[in-house]
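For the record, in the sequence shown the residue sitting at position 172 is 215 according to the working numbering, with numbers rising by one throughout. All remarks here apply to the structure that follows.
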Amino acid sequence: MSLIIAIPSKGRLKEQVEGWLADSGLKLEVTGGARGYVASLKGVPGAQVRLLSAADIADALDAGEVHLGVTGEDLLRERGEDLDSRVLLLRALGFGRADLVVAAPKSWLDVENMADLEEVAHEHLSRTGRRMRVATKYLAQTRAFFARHGVADYRIVESGGATEGAPATGAAELVVDITTTGATLQANGLKVLGDGVMLKSQAQLAASLRAAWDADALTAAERLLRIVEARAAALKSATLAWPARGDAAEAAVVEGLVAAGASRRPNGLLVDSTQVADSALALSAAGLGPVTVSKPDFVFDVRCLPFRRLEERVF
């Protein structure tokens, strides 16, 4: 069985996913020209790539129609609170960032948090006989978040267009929507409640626990995961090298750095990028040097934790 991977078919997220794959040496080759919706992934034999909308990828992962997919966590979480029983989040990718937030009109000066909102919602119902309306595309997450904060006197108005404009048009009193900078909300006279950030979303590489996994699909998935994990490890690592002396002073400083998190290499140490200066200075202080720093392209570890987690869940 082929490993079926779904990635976004258009927009900025598609470009970011293709860039992420290319950075790991995995080239996407689309079948049927630029507008094709099936592709292969050079470097991962036995993988078939489907190009879908981000929302359709979340649906396909939940239904088990694909093995792996890249889409926004906000779309995955909208599948319900028991998502983790059906979809396994393998790696946050660091792009496609956006916050899912509760926003109220700036003119509501006495509403700064969800507790204030609970009071206002109750007063609104008592005064008008109608529940406060919340415009959103994120029905499941809104219900769960409002329930956790004890807000009950509201009803959802499902949004099919520009959600942030609903209060201005009189379609709703509040909105729950995704935002990156908050500029669009502000332009529409809205403010994010102090404790109203429901989810800090970003693109996720995820696996379907409902898909039909077999040995071939797992083998291809392991290859993919080991490559992207090795590239991710390299991006946050650096190699330190110096002319070895082989004396006790050198051994002592190396032991200290290993105890602090560095790992030995045949000709030096592999350290976290944030520790390069401190590690190099410690070596120099012991009279070792010159110390040179280089960046690896990949760091393949014996273990691949994302694959181990996947293997444990599907077998």
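In this text, a Cβ means the ideal position worked out from N, Cα and C, and glycines have one as well.
Can you grab the Cα-Cα spacing for the pair V145 / K234, in whole Å? Your numbering for residue 145 matches position 102 in the sequence shown. Your numbering for residue 234 matches position 191 in the sequence shown. Near 8 Å, if we compare the C-alpha coordinates of K234 and V145.
Is it buried or exposed for P51, if we count other Cβ within 10 angstroms and need 16 for buried? Position 8 of the sequence shown holds residue 51. By the neighbour-count criterion, in which a residue is buried when 16 or more other Cβ atoms sit within 10 angstroms of its Cβ, P51 is buried.
Shortest alpha-carbon distance to G107 belongs to which of L131, G86, R120 and F341? The residue labelled residue 107 in the question sits at position 64 within the sequence shown. Comparing Cα positions, the closest option is L131.
Presumed contact (8 Å Cβ cut-off) between A249 and L331, rounded CB distance: Translated into positions along the sequence shown, residue 249 becomes position 206. Translated into positions along the sequence shown, residue 331 becomes position 288. Not really, about 45 Å apart at Cβ, beyond 8 Å.
Rounded to whole angstroms, what is the Cα-Cα separation between D340 and A320? Residue mapping note: residue 340 aligns to position 297 of the sequence shown, counting from 1. Residue mapping note: residue 320 aligns to position 277 of the sequence shown, counting from 1. Straight-line Cα distance between these residues: approximately 20 Å.
Whole beta strand (DSSP E) runs in the region 137 to 198 with 3 or more residues, listed along the chain? Fully contained in the region 137 to 198 are the following beta strand (DSSP E) runs of length 3 or more, in chain order: 141 to 148 and 175 to 179.
Taking the straight line between their C-alpha atoms, what separation do you get for R170 and I221? In the sequence shown, residue 170 corresponds to position 127, counting from 1. In the sequence shown, residue 221 corresponds to position 178, counting from 1. A direct Cα-Cα distance of roughly 30 Å separates R170 from I221.
Per DSSP, what kind of secondary structure is P51 in: helix, strand or coil? Against the sequence shown, residue 51 aligns to sequence position 8. Strand at P51.
In or out: G311 buried (at least 16 other Cβ within 10 Å) or exposed? Here residue 311 corresponds to residue number 268 of the sequence shown, with the count starting at 1. Around the beta carbon of G311, a 10 Å sphere encloses 16 or more other beta carbons of the protein chains shown; the residue is thus reported as buried.
If you reduce the DSSP assignment to three classes, tell me which class V319 lands in. For the purposes of this step, residue 319 is identified with residue 276 of the sequence shown, where counting begins at 1. When secondary structure is reduced to three states using DSSP, V319 falls in the helix class.
CB of A263 within 8 Å of CB of A49, strictly: Along the sequence shown, one-based indexing puts residue 263 at 220. Along the sequence shown, one-based indexing puts residue 49 at 6. At a Cβ-Cβ threshold of 8 Å, A263 and A49 do not count as neighbours.
Could you tell me the boundaries of the alpha helix (DSSP H) in which G299 lies? As a working mapping, residue 299 is identified with position 256 in the sequence shown. Taken as a continuous stretch (DSSP letters only), the alpha helix (DSSP H) holding G299 covers A291 to A302.
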